[in-house]
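Q:
Numbering (the UniProt record's numbering), first residue to last: 1 to 107.
(1) In the DSSP output, what is residue 69 paired with across the bridge?
(2) Within 10 Å of its beta-carbon, does residue 77 have 16 or more other beta-carbons around it, so buried, or fewer, so exposed?
(3) Which word fits residue 3, buried or exposed, when buried means at least 16 other C-beta atoms lie within 10 angstroms of its C-beta?
(4) Determine, using beta carbons only, whether residue 41 and residue 9 come nearer to each other than 8 angstroms.
(5) Tell me where the alpha helix (DSSP H) around residue 37 begins and ends.
(6) Measure the C-alpha to C-alpha separation of residue 37 and residue 29 and round it to an integer number of angstroms.
(7) DSSP three-state call for residue 104: helix, strand or coil?
(8) Among 96, 73 and 50, whose alpha-carbon lies nearest the alpha-carbon of residue 81?
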């Protein structure tokens, strides 16, 4: 066998032995792993906060609260304000008519 062919076959054999597989794999598995580690947004595993954070990545509206995804991948929640007034529960508006548009001089 010629030296060049022998060298070529060695490279091919080495390539087959040391094949490296790269990539991130199935993204659904990554999302599942994140859910297991950090929980669902409405679980609020990062705790409760009193003000909406400025460094949030995204937010999700849940029943009675808003969940904020923080840079450390934890979900922190803030309670949704309730519609109340100092004089008691809010009443229906006593309006008997509705205008879809009004001229600016009528304000």
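We put the beta carbon where it would ideally sit given N, CA and C, even for glycine.
A: A quick look at the data gives this:
(1) 58 and 75
(2) buried
(3) exposed
(4) no
(5) 27–38
(6) 12 angstroms
(7) helix
(8) 50
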